[in-house]
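Student: Have a look at this one.
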Amino acid sequence: FLSLNLKDIPVELQGAGHAPCQGQLKPLSFNCEFEASASGVQVRAGIARNDFEIVKLKQISAKGQVHLDLEKIHFDGNIQAGLSHGQATGSVIYKKGFEISFKSPELHWSDVENLASLHLAGISQLQGSTQGDSSSATLNMHLKNHEHEMDGFFLGEIEMDANYKANHLTITDVKGKID
1151 FLSLNLKDIP
1161 VELQGAGHAP
1171 CQGQLKPLSF
1181 NCEFEASASG
1191 VQVRAGIARN
1201 DFEIVKLKQI
1211 SAKGQVHLDL
1221 EKIHFDGNIQ
1231 AGLSHGQATG
1241 SVIYKKGFEI
1251 SFKSPELHWS
1261 DVENLASLHL
1271 AGISQLQGST
1281 QGDSSSATLN
1291 MHLKNHEHEM
1301 DGFFLGEIEM
1311 DANYKANHLT
1321 ITDVKGKID
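Going left to right, the sequence shown walks through residues 1151 to 1329 as our numbering numbers them.
In structure tokens form, the structure reads like this:
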């Protein structure tokens, strides 16, 4: 984003993509089919390199549709990262921020380099959303975990809700089974 002179967005990545589009210039409105990939994806709590790292992925790819106009970008697509796969839909409203909903029937935590320094392992099914702007974001999700580990502690089969806001992670409604 720095290369686009968008200096207040705490996201870093190397990306490539292809998006044939159809639309009009007045008023600006385009519909596109896209395929994209990114590596070195990093989201931090601020723009400084030493700010808290929220998420880091080695690589990710996506394929779907996007609509853009003068007020927003809306997207809907499928996502792949290593063995993990899922869907995401969302909007970026230029003057307000973003809202993204996501779900995955199979998320391998080994495909995620870092999620808020939690050191997660295992496989999860998840559904959730994130919303925010260039200065803050929240994350809410429901997870069903298989052979789950957190910070080296084996938690087994566990279902929970997880919410992240203002550098605080809250885990609620925990149900589990350890064999």
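All residues carry an ideal CB built from backbone N, CA and C; glycine is no exception.
Tell me, which residues are paired with His-1258 by DSSP?
Tutor: Residue 1258 sits at position 108 when you count from the first residue of the sequence shown. Ile-1273.
Student: Could you give the residue range of the beta strand (DSSP E) that holds Ile-1223?
Tutor: Along the sequence shown, one-based indexing puts residue 1223 at 73. First-last of the beta strand (DSSP E) with Ile-1223: 1222–1231.
Student: Are there 16 or more other CB atoms within 10 angstroms of the CB of Ser-1254, so buried, or fewer, so exposed?
Tutor: The residue you call residue 1254 lines up with position 104 of the sequence shown. By the 10 Å Cβ count, Ser-1254 comes out buried.
Student: Could you tell me the alpha carbon to alpha carbon distance between Leu-1289 and Ala-1166, rounded to whole angstroms?
Tutor: Start at 1 with the first residue of the sequence shown, and residue 1289 comes out as number 139. Start at 1 with the first residue of the sequence shown, and residue 1166 comes out as number 16. Leu-1289 and Ala-1166: Cα-Cα distance of roughly 26 Å.
Student: Quick check on Gly-1272: buried or exposed, where buried means 16 or more other Cβ atoms within 10 Å of its Cβ?
Tutor: By 1-based counting over the sequence shown, the position of residue 1272 is 122. Its Cβ being crowded by 16 or more others within 10 Å, Gly-1272 is buried.
Student: Among residues of its own chain, excluding the 5 on either side of Glu-1162, which ones have a beta-carbon nearer than 6 Å to its beta-carbon?
Tutor: Residue numbering aside, residue 1162 sits at position 12 when the sequence shown is read from its first letter. Excluding positions up to five away in sequence, the list reads Gln-1192.
Student: Counting only the same chain and skipping the five closest in sequence on each side, list residues whose C-beta sits under 7 Å from that of Leu-1218.
Tutor: Here the question's residue 1218 lines up with position 68 in the sequence shown. For Leu-1218, where only same-chain residues beyond five positions count, the Cβ hits under 7 Å are Phe-1180.
Student: Give the C-beta separation of Leu-1207 and Val-1262 to the nearest angstrom, bearing in mind that I take them to be a contact with Cβ-Cβ under 8 Å.
Tutor: As a working mapping, residue 1207 is identified with position 57 in the sequence shown. As a working mapping, residue 1262 is identified with position 112 in the sequence shown. With 8 Å as the limit, Leu-1207 and Val-1262 qualify as a contact, their Cβ atoms being about 6 Å apart.
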